[in-house]
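My numbering numbers the first residue of the sequence shown as 20 and each following residue consecutively.
Backbone N, C-alpha and C define an ideal beta-carbon position, used for all residues, glycine too.
What you are looking at is a predicted structure, and each value in this text was computed from that prediction instead of being measured.
I have placed the structure first, in the form of structure tokens, so that the comments after it can refer back to it.
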Amino acid sequence: MEFKVIIEEINELTMKTIKNKNIKIIKNNKQSYLKVFASGILIGCLTRLLDFCSMDSLWGFSSIQTLLGFWMITNTLIVLFSSSNLVAGLSSFIYMFAMTLSFYGLQPILGIFIPLFTDGFRFSLFLMFTILSIPCALAAYILYYWNEDKVYNSILYALPVGALLSETIATFVNLLINHTFLFQFLMDLIGGSVFAVLFFKKAKNKALYFISIIVSTIIFYFVLYHKEVAAWL
Numbered sequence: 020m021e022f023k024v025i026i027e028e029i030n031e032l033t034m035k036t037i038k039n040k041n042i043k044i045i046k047n048n049k050q051s052y053l054k055v056f057a058s059g060i061l062i063g064c065l066t067r068l069l070d071f072c073s074m075d076s077l078w079g080f081s082s083i084q085t086l087l088g089f090w091m092i093t094n095t096l097i098v099l100f101s102s103s104n105l106v107a108g109l110s111s112f113i114y115m116f117a118m119t120l121s122f123y124g125l126q127p128i129l130g131i132f133i134p135l136f137t138d139g140f141r142f143s144l145f146l147m148f149t150i151l152s153i154p155c156a157l158a159a160y161i162l163y164y165w166n167e168d169k170v171y172n173s174i175l176y177a178l179p180v181g182a183l184l185s186e187t188i189a190t191f192v193n194l195l196i197n198h199t200f201l202f203q204f205l206m207d208l209i210g211g212s213v214f215a216v217l218f219f220k221k222a223k224n225k226a227l228y229f230i231s232i233i234v235s236t237i238i239f240y241f242v243l244y245h246k247e248v249a250a251w252l
């Protein structure tokens, strides 16, 4: 009951924000991009510091950096708050690049003082995730088309919801079997639920939106999580 109340309160607050004319706060200017870059730097540092938390604990806080849910949520918010396709794509790339830069850049600095981080700057991983920032940018650019009053906006709105629900299923199985990733499970569940309700109200075709969520959840699950879940079982 309390969980339902929390979801309703979060959704109500989100809807009030969406209805505000100033929601498109990320604009095509230097100031906006600098704020996005700074946010990425901060998030990267925070996720690196979560390495101090054990992955095998019940909450599994360090899972935030290895699973996709948090990045899905934050990039979806970037698209929501962007003022155009170009801004959404550039902001997503800047955010992911800045996060990658600080995440791997902080490691050699911490390694000076803490044995846990003695691997130094891992350039190959930094380069790989920088390259992966490009698909994130393309996805954000495309998702922005959900703002158009067309039938296909129902499919676009369903994609982040389906992705989050697929990871919710995977983390729930892991929680039952390995007794960890509770934090990731709750974050995916709450994020997916809030977006599901919010986007349902904005989707042009409700039936298509619902069907697209089911289909995308199945596809994302089998593409991203099925093998890992099967290994747990």
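Exposure label - Arg207; buried when at least 16 CB within 10 Å: The sequence as given places Asp at residue 207; Arg does not occur at that position. When all chains shown are included, Asp207 counts as buried.
Residue range of the alpha helix (DSSP H) that includes Ala159: For Ala159, the enclosing alpha helix (DSSP H) has its first and last residue at Phe142 to Leu162.
Residues sharing a beta bridge with Ser101, DSSP: Ile45
C-alpha distance - Pro127 paired with Ile62, whole-angstrom precision: 17 Å
Beta carbon of Ser185 nearer than 8 Å to that of Leu252: no
Closest Cα partner of Ser212 within the set Leu195, Ile230 and Ala182: Distances from the alpha-carbon of Ser212 to those of Leu195, Ile230 and Ala182 put Ala182 closest.
Gly88 versus Phe132 - alpha carbon distance: 31 Å
Length of the line joining the Cα atoms of Ile60 and Phe148: 14 Å
Buried versus exposed call for Pro154 [16 or more other C-beta atoms within 10 Å across all chains shown]: Pro154 is exposed by the Cβ-count criterion.
Extent of the continuous alpha helix (DSSP H) to which Phe80 belongs: Where Phe80 is concerned, there is no enclosing alpha helix (DSSP H), given that its DSSP letter is neither H nor E.
Own chain residues within Cβ distance below 7 Å of Tyr123, not counting five before or after: Phe140, Arg141, Leu144 and Phe145
Cβ contact check for the region 102-109 and the region 209-224: 3 or more pairs under 8 Å: no
Check whether Leu151 and Arg67 have beta carbons under 8 Å apart: The criterion of a C-beta distance shorter than 8 Å is not satisfied by Leu151 and Arg67.
Tyr114 versus Thr85 - alpha carbon distance: 17 Å
Cβ pair count under 8 Å reaching 3, the region 162-172 against the region 194-204: no
Nearest-angstrom Cα separation, counted from Ser51 out to Ile188: So the two alpha carbons sit approximately 35 Å from each other.
Presumed contact (8 Å Cβ cut-off) between Phe56 and Leu69, rounded CB distance: So it is not a contact: roughly 21 Å between Cβ atoms.
Environment of Asn39 [buried if 16+ CB atoms lie within 10 Å]: Residue confidence for Asn39 is low, a pLDDT of 47 falling below 50, so the modelled location carries little weight and cannot support an answer.
Entirely enclosed alpha helix (DSSP H) segments - the region 182-231, minimum 4 residues: The region 182-231 contains these whole alpha helix (DSSP H) runs: 201-221.
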